[in-house]
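Everything below concerns the one structure shown next.
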Amino acid sequence: MRLQRTLKQEICFEGIGLHTGRFAEVCLKPAPRDTGIIFIRTDKNMEIKASIGSVSDTAFATTLGYNGAKIRTVEHLLAVLAGLGLDNVFIEINGPEIPILDRSSMELTSLILKGGIAKQSKKRPYIRITSPVVLTDGHAEIAAFPHKGRRITYRIHFNHHLLGEQNLSLDLTEENFALE
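Just so we're aligned: the sequence shown equals residues 3 to 182 in this note's numbering.
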């Protein structure tokens, strides 16, 4: 049984958005169990839940939106939270885009690990893939297969002689997320 998890303490960072070029301050805060991941636009007094229903755009970055308020380039931050197994976090931001920091997830991963992760007193809900699921859109395809654990295999093909086809496969744990 895996318990839900949140941050042990508040973690703040600031920087420039990759696409908007705008400065923003972000504070990640511990959240009660069963909260999920909630973005709070402090400059607009709006909350946006991190869910598939909140996705408003995916061109060059993932944008979440609700009632006109949007937050761009959330994918690095959400990858870190998922990779480190965090379930419940409030994310306060005073601008339209998450700062890019080091252009990867390493700096943010390090900040969270330094601040610590707290277990909460409730079992984490999860889904189990019991049969293959495949979605295709033109030349793009994504598939999920039954597996004990979290294995991610990624393959992409670029029509360029220097890039070609690239592959990655790893069993995703909190430990190797920080290493990879």
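Virtual Cβ for every residue (Gly too), placed ideally from N, Cα, C.
Look at residue 116 here: in three-state DSSP terms it is helix.
Per DSSP, residue 140 lies in no alpha helix (DSSP H) segment and is marked neither H nor E.
Between the alpha carbons of residue 11 and residue 120 lies a distance of about 9 Å.
If you check the CB distance, residue 40 and residue 27 do not come in under 8 Å. Burial state of residue 74 is buried, judged by a 10 Å Cβ sphere holding 16 or more other Cβ atoms. Partner residues in the beta bridge of residue 156, as assigned by DSSP, are 170.
Between the stretch 110-117 and the stretch 80-95, the count of Cβ pairs shorter than 8 Å is three or higher; the stretches touch. Shown here, residue 5 sits in a strand according to DSSP, grouped into three states.
Apart from sequence neighbours up to five positions away, the residues of its chain that approach residue 124 with a beta-carbon distance below 6 Å are 6, 35, ordered along the chain.
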